[in-house]
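For reference, the structure discussed in these notes is given below.
Residue numbers (my numbering): 40 to 583.
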């Protein structure tokens, strides 16, 4: 049975806000007295985060005053041309060359003619302005509502300890710790138009930032008292055509990092330690706007900017290609066991699911049971609540908690977040849980579940006001004993040799509704020169 928004109940009264769920019951408080501690102290040690416009202004001033740390004033002409090309495009860099005193007269005259020709050739101008066009379309490939103007552009929880990175509108990233007032601010001139953040698993200090330059990989020593890590803590992973990175995903053991850009048809698998990236691509589809490792590391979900998305098998790096009738995939979440992936598209108010049998290999001959297509598990057609508030429509963000019990969804034109209860056994099923809203003037910018919350699930919401809210779902059946709490505290002192717990075995699904078409596996070498081949046999998911 498909879940719909009709099953959700309206808020009990107008001037109350939900703050948590305790053993299945949502707790509300008066809008003028929003305190989570009234009901539970599970988030009492979490950092209080409020990104204000004033703090962004101060950060910009600090960046300006300390710019010599990153870019000396006595740059060579070649360096100036590089920076201008990167920040403003080819035409502006040619103008710099013309005005440079050290430019030879002959080169200046030739450059003037080139600029005149380019300005006159209207058919070439779009190519010269490709960078500007990319930046203008960048927001639609992020999971942040109103990304361009939002005070909070991205956030990411550390997978093993209570530490969260938050990117603000000026592209500076602040790192907040539990029980600490120390807040490092990460900023660099190459770190512009930040779209995503990802902490390296099994490391307490490495943070990957997807931005215009590619990937900024920072090492932030948690024991250091520095508030502004220097450029010596930064490594930039980049490729000339792999810029404006829109998605990052780590292997669960931190061995590899996958990056995708909505403006590059190639996704890269990076060995971060050697700073080498291996390109992966297939014919068909646009740029790779979204990538996501499964928790079991055996699959990677890769969405393109058009109707095609792929699921890669990481053992042989082959992939299955799927296609839709219109739009592109803008969200994807894996179940904890890696047997189910939920995803949404830009053209349908619905959540789709793909299920996989345990120990499945792309080389296996499929059984009838394995021949699945994507199925709709939730219809999010807009509705109006009794209170007059609207909910539903186009989906902008989606997050699934690490235990696989709760799924949160935010919308492009609604100020309310919908939370579903999820169950993947014996087949994927969604049911209503609750609705969450902020203060009257707030809209949810970004949502994410905390990775290591011991007492249940902790939905973290970045509001348009710059406020970060924790909305815990506290499970009585797993309330931590004193020993559990001690173990959880130990995780905060994680060392790189620590190994994460393994998830339970995945369970196959028995659903057989078909809404998407899938061609046979793309087969080719693990290199950009391998084109493979992609047949168009509908509903023949696998090739032996």
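For every residue, glycine included, the Cβ atom is placed at its ideal position computed from N, Cα and C.
For the beta strand (DSSP E) containing residue i, list its first residue and its last residue.
{"i": "residue 129", "result": "First-last for residue 129: 129–138, but that is the alpha helix (DSSP H), not the beta strand (DSSP E)."}
{"i": "residue 64", "result": "64–69"}
{"i": "residue 50", "result": "No beta strand (DSSP E) contains residue 50, which DSSP labels as neither H nor E."}
{"i": "residue 436", "result": "434–439"}
{"i": "residue 483", "result": "483–488"}
{"i": "residue 202", "result": "202–207"}
{"i": "residue 186", "result": "Per DSSP, residue 186 belongs to no beta strand (DSSP E) and is neither H nor E."}
{"i": "residue 247", "result": "245–250"}
{"i": "residue 253", "result": "253–258"}
With DSSP run on the structure shown, which of helix, strand or coil describes residue i?
{"i": "residue 231", "result": "coil"}
{"i": "residue 295", "result": "coil"}
{"i": "residue 39", "result": "Since the first residue shown for the chain is 40 and the last is 583, residue 39 is missing from the structure and cannot be characterised."}
{"i": "residue 416", "result": "strand"}
{"i": "residue 120", "result": "helix"}
{"i": "residue 354", "result": "coil"}
{"i": "residue 151", "result": "helix"}
{"i": "residue 107", "result": "Reliability fails at residue 107, whose pLDDT of 37 lies under 50, so the model's placement of it is uncertain and the value that follows must be treated cautiously. Residue 107 falls in the helix class under three-state DSSP."}
{"i": "residue 87", "result": "coil"}
{"i": "residue 144", "result": "helix"}
{"i": "residue 41", "result": "coil"}
{"i": "residue 424", "result": "coil"}
{"i": "residue 544", "result": "Residue placement at residue 544 cannot be trusted, given a pLDDT of 36 that sits under 50; the coordinates are not used to answer."}
{"i": "residue 92", "result": "helix"}
{"i": "residue 579", "result": "With a pLDDT of 28 at residue 579, under the threshold of 50, the predicted position of this residue should be treated as unreliable, though the coordinate-derived value follows. If DSSP states are grouped into helix, strand and coil, residue 579 belongs with coil."}
{"i": "residue 396", "result": "coil"}
{"i": "residue 173", "result": "helix"}
{"i": "residue 493", "result": "coil"}
{"i": "residue 447", "result": "strand"}
{"i": "residue 508", "result": "strand"}
{"i": "residue 158", "result": "helix"}
{"i": "residue 180", "result": "helix"}
{"i": "residue 308", "result": "strand"}
{"i": "residue 76", "result": "helix"}
{"i": "residue 167", "result": "Note that residue 167 has pLDDT 47, beneath the 50 cutoff, so the model's placement of it is unreliable and the number below is only indicative. Helix."}
{"i": "residue 81", "result": "coil"}
{"i": "residue 405", "result": "Model confidence at residue 405 stands at a pLDDT of 44, short of 50, so the residue's coordinates are unreliable and nothing is read from them."}
{"i": "residue 57", "result": "strand"}
{"i": "residue 553", "result": "With a pLDDT of 40 at residue 553, under the threshold of 50, the modelled position of that residue is not reliable, and no figure is offered here."}
Considering only the alpha carbon of each residue, which of the options lies closest to residue i?
{"i": "residue 41", "options": "283, 490, 466, 211", "result": "466"}
{"i": "residue 338", "options": "324, 356, 439, 70", "result": "356"}
{"i": "residue 471", "options": "53, 65, 52, 283", "result": "65"}
{"i": "residue 390", "options": "396, 469, 345", "result": "469"}
{"i": "residue 77", "options": "489, 93, 57", "result": "57"}
{"i": "residue 485", "options": "280, 241, 185", "result": "185"}
{"i": "residue 454", "options": "229, 436, 254", "result": "436"}
{"i": "residue 318", "options": "430, 305, 382", "result": "305"}
{"i": "residue 516", "options": "489, 504, 442", "result": "442"}
{"i": "residue 212", "options": "313, 179, 249", "result": "249"}
{"i": "residue 368", "options": "360, 346, 380, 491", "result": "346"}
{"i": "residue 462", "options": "373, 228, 425", "result": "373"}
{"i": "residue 492", "options": "201, 329, 75", "result": "201"}
{"i": "residue 504", "options": "142, 53, 95", "result": "95"}
{"i": "residue 417", "options": "446, 425, 396", "result": "446"}
Which residue comes first and which comes last in the alpha helix (DSSP H) that contains residue i?
{"i": "residue 467", "result": "Residue 467 -> no alpha helix (DSSP H), and no H or E assigned at all."}
query = Counting pairs of beta carbons, one from the stretch 185–200 and one from the stretch 54–68, are three or more of them closer than 8 Å?
reply = no
The stretch 306–318 / the stretch 263–270 touching (three or more Cβ pairs under 8 Å) = no
key: Three-pair Cβ contact test at 8 Å for the stretch 49–56 versus the stretch 143–154   = no
Whole runs of the beta strand (DSSP E) within the stretch 269–294, excluding any shorter than 3 residues = 273–276, 284–289
query = Of all the beta strand (DSSP E) runs that stay within the bounds of the stretch 313–381, which reach a length of 3 or more residues?
reply = 315–319, 327–332, 338–343, 347–352, 357–362, 368–373
key: Segment contact, 8 Å Cβ cut-off, at least three pairs: the stretch 338–354 with the stretch 320–327   = yes
inquiry  = With three or more beta-carbon pairs closer than 8 Å as the criterion, would you say the stretch 475–484 touches the stretch 499–513?
reply    = With a cut-off of 8 Å, the stretch 499–513 and the stretch 475–484 count as touching, because enough Cβ pairs lie within range.
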